[in-house]
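All remarks here apply to the structure that follows.
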Amino acid sequence: MDILSSIIMGIIEGLTEFLPVSSTGHMILTADLLGLNTENDTVKTFEVIVQLGAVMAVVVLYWRRFLSLFDFRRRTSSQPRLNLLHIILAMIPAGLIGVLFRDVIKQYLFGPETVLYSLVIGGLLMIAAEKFHPPIKSQTIDDITYKQAFTIGLFQVLALWPGFSRSGSTMSGGLFARVSHTAAAEFTFLVSVPVMLGASGIDMIKSMDHLSMSDFPVFAAGFITAFIVGMLAIKTFLGLLKRLSLTSFAIYRFVLAAVFFFIIL
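Numbering-wise (my numbering), the sequence shown opens with residue 408 and increments by one.
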């Protein structure tokens with residue numbers, strides 16, 4: 408990899424990590440266009456590093472909210488009600504499936520062709536969630552119940568298939584669980600941090616032997632780019648949710664899949 412490829416991949420990761428369009432899918436497709444070998448150990452390690460840059464964007468923007476999760480004092484009706492148990496309940500399904508079937512997922516689902524399929528199927532789920540979800544009950548992130556948190560976590564399992572999108576699957580699950588678009592999106596941001604840190608941590612441990620100081624400039628460029636673009640993308644996405652439905656993002660996914668179908672296949 409070179410610096411230019413690193414920056415391009417960082418921009419793609421930062422833009423797509425928190426949008427319901429699948430960052431992993433975009434990274435796989437972009438790497439294919441750039442001629443990068445995704446089986447190469449250096450490229451695999453870079454993908455972990457650049458994802459951590461996007462994670463740090465959430466940590467910086469929501470640090471007060473993260474601290475409040477560890478406040479277990481009795482709360483009044485005017486204080487935040489979201490706590491650490493909500494996050495844990497949402498993490499359990501994908502965490503278990505991810506640990507048990509990690510190697511199978513990596514072997515069979517990480518490829519351009521499988522990404523194209525999941526882009527379409529994930530888009531169909533998002534349209535179904537928009538059209539058939541029951542009336543919304545939880546308008547803010549502090550209105551989310553434990554049952555709703557676990558339901559969103561069940562839908563997050565779908566995001567283990569690259570191309571499905573974590574935010575797309577969890578926001579769809581949120582709508583079916585009667586959670587508003589914005590609340591589901593913000594909850595997804597919070598849940599993504601421990602999930603991504605855990606997954607990235609495992610990958611980093613396995614990649615330690617492939618790290619070298621000569622790769623530092625490339626890795627640093629991707630990390631910083633993903634961090635900065637990720638912060639801008641989160642703010643922009645929350646604003647877009649007030650004007651656009653998930654159907655708009657689903658249409659984008661269909662168009663992207665069609666374009667890459669003719670480029671790759």
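From the three backbone atoms N, C-alpha and C, an ideal C-beta is built for every residue, glycine too.
Asked	Found
I want to know whether the region 493-510 touches the region 632-650 - three or more CB-CB distances under 8 Å.	no
Only counting runs of 4 or more residues, tell me where the alpha helix (DSSP H) segments fall wholly within the region 438-512, in order along the chain.	448-468 and 470-475
Quick one: Cα of A461 to Cα of L426, how far?	12 Å
How would you label F623, buried or exposed, when you count the other beta carbons within 10 angstroms and need 16 or more for buried?	exposed
Thinking just about the alpha-carbon of each residue, which of V662, L647, I419 and S429 is nearest to the one in F685?	Given a span of 408 to 672 for the chain in the structure shown, any question on residue 685 remains unanswerable.
Near F557, which residues of its chain fall below 6 Å by C-beta distance, leaving aside the five closest residues on each side in sequence?	L496
Which term fits L551, buried or exposed, when burial requires 16 or more other beta carbons within 10 angstroms of its beta carbon?	Residue 551 is actually Ile in this sequence, not Leu. Buried, by the Cβ-count rule.
Taking the alpha helix (DSSP H) that V636 falls in, what are its first and last residues?	F623 to L647
Are the region 652-663 and the region 516-532 touching by the rule of at least three beta carbon pairs closer than 8 Å?	yes
Say whether the region 578-595 touches the region 625-638, bearing in mind that this needs 3 or more beta-carbon pairs closer than 8 Å, one atom from each stretch.	no
Just to confirm, are I435 and G575 a CB contact at a threshold of 9 Å?	no
According to DSSP, is V586 part of a helix, a strand, or is it coil?	strand
Helix, strand or coil for S572, going by three-state DSSP, please let me know.	coil
So what does DSSP say about S545, is it helix, strand or coil?	strand
Taking buried to mean at least 16 other C-beta atoms within 10 Å of its own C-beta, is L561 buried or exposed?	buried
Given that a residue counts as buried once 16 or more other Cβ atoms are within 10 Å of its Cβ, and exposed if not, what is L648?	buried
Within 9 Å (strictly less), CB to CB, does M620 reach chain D?	The chain labelled as chain D is not found in the depicted structure, where only one protein chain is given.
Let's see if you can read the secondary structure: which residues bound the alpha helix (DSSP H) around I414?	I410 to T423
Report all residues from its chain with a CB closer than 7 Å to the CB of L663; omit the five preceding and five following residues, and keep chain order.	L526
Does the distance from the C-beta atom of V522 to that of G432 stay below 9 Å?	yes
Do you know whose CA, among V466, S587 and L491, lies nearest D478's CA?	L491
If you follow the alpha helix (DSSP H) that F517 is in, where does it begin and where does it stop?	F517 -> no alpha helix (DSSP H), and no H or E assigned at all.
Report yes or no: do the region 592-609 and the region 435-453 share at least 3 C-beta pairs separated by less than 8 Å?	no
In angstroms with no decimal places, state the Cα-to-Cα distance between H588 and I415.	29 Å
Return yes when the Cβ of R472 is within less than 9 Å of the Cβ of L459, no when it is not.	no
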